[in-house]
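For what it's worth, the numbering used here labels the leading residue of the sequence shown as 388, then goes sequentially. Glycine included, C-beta positions come from ideal geometry on N, C-alpha and C. The structure appears below as structure tokens.
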Amino acid sequence: MPANLPPEAKKKWAKVLEAKTPAEKIKALEDFLSAVPKHKGTEKLRRQIKRKIAQLRREMELASKKKAGRISFFIEKEGDLQLVLLGLPNSGKSSLISVLTGVGEYGTSTPFETKKPVPGMLEWEGLKIQLVDTPSIIENASRGAAGGPLILTMAKNADGILLIIDLSGDPAYQLHVLFNELENFNIVLKRKEEKVIIEKTRGGGVVVLGTLEKCTLKDIKDMLKSYGIYNAIIRINGSARLDEIEEAIYETGEYKPALVVATKADISSSKVHILQKEMKRLKLELPIILVNTLSLAKKKHKFAELIGRYFLKELGLIRVYTRNPKTGAVAKHPIVLKRGARVIDVAEKIHSSLVKHFKYAKIWSDRLPFSPQKVGLEFVLEDKDIIEIRSKI
């Protein structure tokens with residue numbers, strides 16, 4: 388918790404917020420860190436800042452190598468979801484993606500066989516899920532070992548992560564390594580119920596949505612002003628004290644939804660309790676999918692359904708299927724939108740002219756008292772709704 392930071396440190400944090408390039412951010416963070424006093428109340432903050440500096444340095448190094456043409460680890464996202472597979476050597480990543488998507492090599496037992504990312508596509512109810520196999524993660528990957536920063540950057544840029552654990556090995560050790568390396572790279576696997584979210588705005592002053600505890604709006608404005616923040620929306624879940632709002636300024640970890648895929652369950656299913664015990668120790672509440680690779684081909688659809696449903700929920704996404712007004716045919720591939728999306732969002736995705744010439748839309752859904760139901764542009768959609776848009780021309 389940032390306890391009693393001196394004015395000089397607060398001013399230097401304002402420079403951090405203004406920094407644009409990685410080099411500028413590193414300089415600003417180093418200046419800020421030098422102004423943060425060393426005591427128990429600032430230990431967590433100092434750790435977070437040091438990790439952020441190390442991460443930015445690795446990103447600069449990677450950018451330099453990319454510019455020199457020495458590496459090519461970027462996989463362009465295709466489909467609706469991109470999920471990166473992370474695992475230690477011989478965890479079964481390559482076999483998994485080969486069986487599920489038909490790409491890569493199946494059944495190899497050579498460590499570090501995967502030298503570069505291998506993408507493949509899995510489908511479920513028209514949803515296209517891109518799975519990306521990656522080179523193996525080892526200890527100290529976040530600090531540069533075995534190309535770790537490249538792999539972890541891919542995980543950070545993806546929609547979600549599949550943690551591949553080999554049950555024939557030591558599942559506790561594998562999960563421990565993956566968790567630590569992700570955390571050291573500022574990737575957070577635990578969904579944090581954020582009590583306070585601060586959104587900087589270009590104008591409008593400071594607006595508080597929620598209840599203040601033992602402080603006033605003036606106290607909030609004065610505190611933010613000391614950090615060089617004059618315009619912001621403060622969203623509070625329940626009530627919050629001044630120190631809790633101040634702590635939210637320094638949040639650096641990035642949450643990434645993940646689930647655990649335990650391979651070789653047919654060989655060592657008895658070790659699942661070891662994996663569960665380690666998850667409990669790490670306070671990780673993630674689903675575990677047990678996989679028998681040899682029989683996975685027959686259960687491919689079930690696997691796709693499990694990961695599809697989970698990541699749609701975690702990412703707050705819905706699927707909307709369009710219906711052709713002339714033929715009545717419903718598209719097999721859905722439009723994927725953020726939960727809370729309206730008819731206007733679908734219209735804009737199809738063609739901007741549909742909004743301008745919008746007449747009405749028809750919705751087919753089991754949740755409605757009758758289908759189809761005629762609605763307007765502001766109608767809020769839900770998962771698996773079928774929509775037909777009619778225009779004036």
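- Message: Quick check: what's the CA-CA separation for His660 versus Ser529?
- Response: Their Cα atoms are separated by approximately 28 angstroms.
- Which runs of the beta strand (DSSP E) fall wholly inside the stretch 518-564 and span at least 3 residues, in chain order? Listed in chain order, the complete beta strand (DSSP E) runs (minimum 3 residues) inside the stretch 518-564 are 547-553.
- What residue does the beta strand (DSSP E) around Tyr697 start on, and which one ends it? For Tyr697, there is no enclosing beta strand (DSSP E); the enclosing alpha helix (DSSP H) has its first and last residue at Lys687 to Leu702.
- Three-state secondary structure assigned by DSSP to Met388: Low confidence applies to Met388: its pLDDT is 45, below 50, so where it sits in the model is not reliable, and the reading given next is rough at best. Note: Met388 maps to coil in three-state DSSP.
- What is the DSSP secondary structure of Ile780, reduced to helix, strand or coil? Looking at Ile780 - three-state DSSP - the assignment turns out to be coil, as it is neither helix nor strand.
- Hey, Val717 and Arg710 are a contact pair by Cβ (cut 8 angstroms); roughly how many whole angstroms apart? Between Arg710 and Val717 the Cβ distance is about 5 angstroms, and since that is below 8 angstroms, they are a contact.
- Task: Alpha carbon to alpha carbon, how far is Glu430 from Met388? Give it in angstroms, no decimals.
- Result: With a pLDDT of only 45 at Met388, under the threshold of 50, the placement of this residue in the model should not be trusted; the figure read from the coordinates follows. Within the model, the alpha-carbon separation for Met388 versus Glu430 is close to 8 angstroms.
- Contact under 8 angstroms by Cβ, Phe766 with Val730: Annotated as proximal: Phe766 and Val730, with beta-carbon spacing under 8 angstroms.
- Message: What does the Cβ neighbour count give for Gln517, buried or exposed, with the cut at 16 atoms within 10 Å?
- Response: With 16 or more Cβ atoms within 10 Å of its Cβ, Gln517 is classed as buried.
- Spell out the partners DSSP gives Glu586 in its beta bridges. Answer is Ile620, bridged to Glu586.
- Note the first and the last residue of the continuous beta strand (DSSP E) segment covering Ile750. That run of the beta strand (DSSP E) goes Phe745 to Trp751.
- Query: By how many angstroms is the C-alpha of Ala728 removed from the C-alpha of Asn477?
  - Reply: Near 42 angstroms, if we compare the C-alpha coordinates of Ala728 and Asn477.
- Message: Measuring straight from C-alpha to C-alpha, what distance separates Arg444 and Ile413?
- Response: Pairing Arg444 with Ile413, the inter-Cα distance amounts to about 8 angstroms.
- Task: Measuring alpha carbon to alpha carbon, tell me which of Met610, Ile623, Gln442 and Ala533 ends up nearest Lys543.
- Result: Ranking the options by Cα distance to Lys543, first place goes to Gln442.
- Query: Looking at C-alpha atoms only, which residue of Ser555, Asp557, Lys515 and Glu568 is the closest neighbour of Leu537?
  - Reply: That would be Glu568, whose Cα lies nearest to the Cα of Leu537.
- Task: Give the secondary structure of Val767 by DSSP, where H, G and I count as helix, E and B as strand, and everything else as coil.
- Result: It is a strand residue.
- For Ala619, which residues of its own chain have a beta-carbon under 7 angstroms away from its beta-carbon, when the five flanking residues on both sides are left out? Correct list, in chain order: Ile585, Glu586, Lys587, Thr588, Val593 and Leu611.
- Message: Less than 8 angstroms between the beta carbons of Gly474 and Met508, yes or no?
- Response: Contact: no.
- Nearest-angstrom Cα separation, counted from Val564 out to Ile694: Roughly 23 angstroms between the two C-alpha positions.
- Message: Within 10 Å of its beta-carbon, does Gly547 have 16 or more other beta-carbons around it, so buried, or fewer, so exposed?
- Response: Classification for Gly547: buried.
- Item | CA nearest to the CA of Phe566, picked from Ala645, Ser752 and Glu405 | The option with the nearest alpha carbon to Phe566 is Ala645.
- Task: Give me the Cα-Cα distance between Glu570 and Lys480, rounded to the nearest whole angstrom.
- Result: So the alpha carbons of these two residues sit roughly 21 angstroms apart.
- Query: How would you label Leu404, buried or exposed, when you count the other beta carbons within 10 angstroms and need 16 or more for buried?
  - Reply: Burial call: exposed.
- Does DSSP put Leu673 in a helix, in a strand, or in coil? Of the three classes helix, strand and coil, the one that applies to Leu673 here is coil, per DSSP.
- Give the DSSP bridge partners of Ser626, in chain order. Answer by DSSP bridge pairing, in chain order: Thr598.
- Task: Would you mind reading off the limits of the alpha helix (DSSP H) that contains Thr488?
- Result: Counting along the chain, the alpha helix (DSSP H) containing Thr488 begins and ends at Lys480 to Thr488.
- Could you give the residue range of the alpha helix (DSSP H) that holds Leu683? Per DSSP, Leu683 belongs to the alpha helix (DSSP H) from Thr680 to Leu683.
- Message: Applying the 10 Å Cβ sphere with the 16-neighbour rule, what's the burial state of Glu395?
- Response: For Glu395, the number of other beta carbons within 10 angstroms of its own is below 16, and it is reported as exposed.
- Message: Report the CB separation of Ala545 from Val471 in whole angstroms; it is logged as a contact under 8 angstroms.
- Response: Rounded, the Cβ-Cβ distance is 4 angstroms, consistent with contact.
- Query: Under 8 angstroms between the Cβ atoms of Leu724 and Leu704?
  - Reply: A contact, by the Cβ cut-off of 8 angstroms.
- Query: For the putative contact between Phe690 and Ile675, defined by C-beta atoms under 8 angstroms, what is the C-beta separation to the nearest angstrom?
  - Reply: The C-beta separation of Phe690 from Ile675 comes to about 13 angstroms, leaving the pair out of contact by the 8 angstroms criterion.
- Sub-8 angstroms separation of Lys582 and Asn624 beta-carbons: Taking the C-beta atoms as reference points, Asn624 is found nearer than 8 angstroms to Lys582.
- Message: Suppose contacts are defined by Cβ-Cβ distances below 8 angstroms. Is Val423 in contact with Ile551 by that definition?
- Response: In this structure, Ile551 does not lie closer than 8 angstroms to Val423 by Cβ.
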